[in-house]
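Take a look at the structure below.
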Amino acid sequence: MIQYILECISFQLVFLIVYDFFLKRETFFQWNRLYLLGTHVLSLFLPWVKIEAFKTEVPFESYSYPDFLWHIQMAPIEPSTKDTSWIELTSQEGVFLFGVLIALVLFAYKMYKIYLLRKNGEIQYFEEFTQIIISNSHLAFSFFKSIFLGDQVVKEGHDKIIQHELVHIKQRHTIDLMIFELLRIGCWFNPLVYIYQNRISELHEFIADAQVAKTNKKEQYQLMLSQVFQTQHISFINQFFKSSLIKKRIVMLQKSKSKKIFRLKYLVLLPLVMGILFYTSCKIDSSSETSSNKKLSLEERLVPFAVVDEVPVFPGCEDATDKRACFQQKMQEHISKNFHYPEGAQKLGYQGRVNVLFTINSSGKIENIKKRGPHKLLEEEVHRIISSLPQMQPGKQKGEVVDVPYSIPVSFVLD
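Per UniProt numbering, the very first residue in the sequence shown carries number 1; after that it's consecutive.
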């Protein structure tokens, strides 16, 4: 999952770089809107797409343990199946859900502010929209088919503001913003979602300005935009008076219409997507010739846990008399504490023993985890547990720190 998230963010970054450097300054506003919405959706699906024709084996130096190490095993661990009626979360899952909760609260607060404005405002119904007049306010924004206007908005600009907001309503701009608002809840940790929403919000204003400028004197419209009004910060509404956007909107109004030939710039998306598909479709060749050479060098420098002079010291075993026994006890406690029978494996009836072999390197960190088991779901759970082991004091052989491989079987038994 971490790899999927990183790939999504990487693809989004590439798409945004292309937009900012090649497309942002063009007046093809609808094309840019489609580009932003489309590339964000693409970035979510591309990591899963594998094109058979693009599948290429990429050489990779695999870390292969000598066969004899797999046969040096400790007593098997059979963690008890925990009561699945209680949900246990890892620290990462806890942080993620906490972030989601905060994002939901903020979203609910924004919706509540809209509700209060509507409740306390003077509602007027028209054929194409609903107008809500807010007392003692300079507000001007639209939300779905409602236009919120402050009663202090200058009368000279009232008709133009309505025309502007009607463009947002007719083109359903609020839906675009709500899509990214919901993505901000599930992907609160991804800064690019916020940037995407900001870019699409800018585009909405450019689109509406361009439409209004067709039927009004551009100079008068620019003069009205140059006035800075107060506004509330709600990220999923189309605000007419937003000071940070005023200058950009005026500059874009003054720009000459982009030449049609510049639409060819959008063709850059094709090689970009093809390159991403080539990347996602590649597979690693773990049988390269280098693996056999590395296997020989490993056999020479690895000192198995069973024979090493000083075993790695598990946190909490520093003062233990028998550090080898303490290590094994702490290892069993860690696996039992963090064990969670995969729900998918339970439903499908998968059980059996997973042999896991890993190295405690000369820095005391866990690396090169290898698994052998009856099913990938069981192997992934063991990998997760071993990956969460704490850093230890490294093992020593003849007074020098060494890499210590450790092998242990973990049994999955259904009740």
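We treat Cβ as the ideally placed atom computed from N, Cα and C, and that holds for glycine. All figures in this text were calculated on a predicted structure; none of them were measured in a lab.
Where residue i sits in the DSSP three-state scheme
{"i": "P390", "result": "coil"}
{"i": "K145", "result": "coil"}
{"i": "A208", "result": "helix"}
{"i": "P405", "result": "strand"}
{"i": "T280", "result": "helix"}
{"i": "F358", "result": "strand"}
{"i": "G344", "result": "helix"}
{"i": "A140", "result": "strand"}
{"i": "I123", "result": "strand"}
{"i": "T215", "result": "helix"}
{"i": "I51", "result": "coil"}
{"i": "S135", "result": "coil"}
{"i": "R25", "result": "coil"}
{"i": "R199", "result": "helix"}
{"i": "S190", "result": "This sequence places Asn at residue 190; Ser is not what is there. Three-state result, N190: coil."}
{"i": "R372", "result": "strand"}
{"i": "V410", "result": "strand"}
{"i": "D400", "result": "As written in the sequence, residue 400 is Glu, which differs from the Asp given in the question. Three-state result, E400: strand."}
{"i": "G38", "result": "helix"}
{"i": "K257", "result": "coil"}
{"i": "T130", "result": "strand"}
{"i": "S291", "result": "Confidence is the limiting factor: at S291 the pLDDT is only 46, short of 50, which leaves the residue's position unreliable and the question unanswerable from this model."}
{"i": "V18", "result": "helix"}
Residue i and residue j closer than 8 Å at C-beta
{"i": "G349", "j": "L414", "result": "yes"}
{"i": "W188", "j": "A103", "result": "yes"}
{"i": "G373", "j": "V308", "result": "no"}
{"i": "H40", "j": "Q12", "result": "yes"}
{"i": "M276", "j": "M331", "result": "One detail in the question is off: residue 276 reads as Ile in this sequence, not Met. No, the pair does not count as a contact, with Cβ atoms beyond the cut-off."}
{"i": "I335", "j": "I366", "result": "no"}
{"i": "residue 421", "j": "F28", "result": "Outside the displayed range of the chain (1 to 415) lies residue 421, so it cannot be described from this structure."}
{"i": "V18", "j": "L270", "result": "no"}
{"i": "R249", "j": "F206", "result": "yes"}
{"i": "S281", "j": "I51", "result": "yes"}
Outcome for residue i when other beta-carbon atoms lying within 10 angstroms are tallied against a minimum of 16
{"i": "E381", "result": "buried"}
{"i": "M274", "result": "exposed"}
{"i": "Y35", "result": "buried"}
{"i": "P191", "result": "exposed"}
{"i": "V193", "result": "buried"}
{"i": "H158", "result": "exposed"}
{"i": "G150", "result": "buried"}
{"i": "V167", "result": "buried"}
{"i": "V251", "result": "exposed"}
{"i": "Y115", "result": "exposed"}
{"i": "P390", "result": "exposed"}
{"i": "F412", "result": "buried"}
{"i": "L357", "result": "buried"}
{"i": "A108", "result": "exposed"}
{"i": "V212", "result": "buried"}
{"i": "E400", "result": "exposed"}
{"i": "S201", "result": "buried"}
{"i": "V410", "result": "buried"}
Residue closest to residue i, alpha-carbon to alpha-carbon, out of the options
{"i": "residue 419", "options": "K376, Q152, P394 and W48", "result": "The structure shown does not extend to residue 419, since the chain spans only 1 to 415, so no value can be given for it."}
{"i": "Y196", "options": "G373, L357, I369 and L37", "result": "L37"}
{"i": "F262", "options": "G316, F15 and W31", "result": "W31"}
{"i": "F314", "options": "L106, G364, S91 and S142", "result": "G364"}
{"i": "I175", "options": "Y194, I161 and H204", "result": "H204"}
{"i": "S135", "options": "V153, Q391 and E128", "result": "V153"}
{"i": "K398", "options": "V303, K370 and S411", "result": "V303"}
{"i": "L183", "options": "C8, L139, E165 and I360", "result": "C8"}
{"i": "K255", "options": "L6, K24, Y19 and M1", "result": "K24"}
{"i": "M1", "options": "F327, Q124, Q393 and R384", "result": "R384"}
{"i": "L267", "options": "E318, F15 and N361", "result": "F15"}
{"i": "Q328", "options": "V311, G344 and L44", "result": "V311"}
{"i": "S137", "options": "T130, F148 and M178", "result": "F148"}
{"i": "D319", "options": "L264, Q393, E343 and G344", "result": "Q393"}
{"i": "K260", "options": "E26, S10 and I5", "result": "E26"}
{"i": "N338", "options": "K110, S91 and L106", "result": "S91"}
{"i": "E333", "options": "N361, S388, C282 and K347", "result": "S388"}
Cutoff 8 Å: residue i Cβ touching any chain C Cβ
{"i": "P191", "result": "Considering every chain present, this structure includes no chain C. It has just one protein chain."}
* Would the stretch 394-406 and the stretch 346-353 be scored as touching if the rule is three or more Cβ pairs under 8 Å? -> Proximity of the stretch 394-406 to the stretch 346-353 falls short of the contact definition, fewer than three beta-carbon pairs being nearer than 8 Å.
* **Cβ contact check for the stretch 119-138 and the stretch 98-108: 3 or more pairs under 8 Å** => Contact fails: fewer than three Cβ-Cβ distances are below 8 Å.
* To do: Count the CB pairs spanning the stretch 365-377 and the stretch 320-337 that are closer than 8 Å, and state whether there are at least three.
  => no
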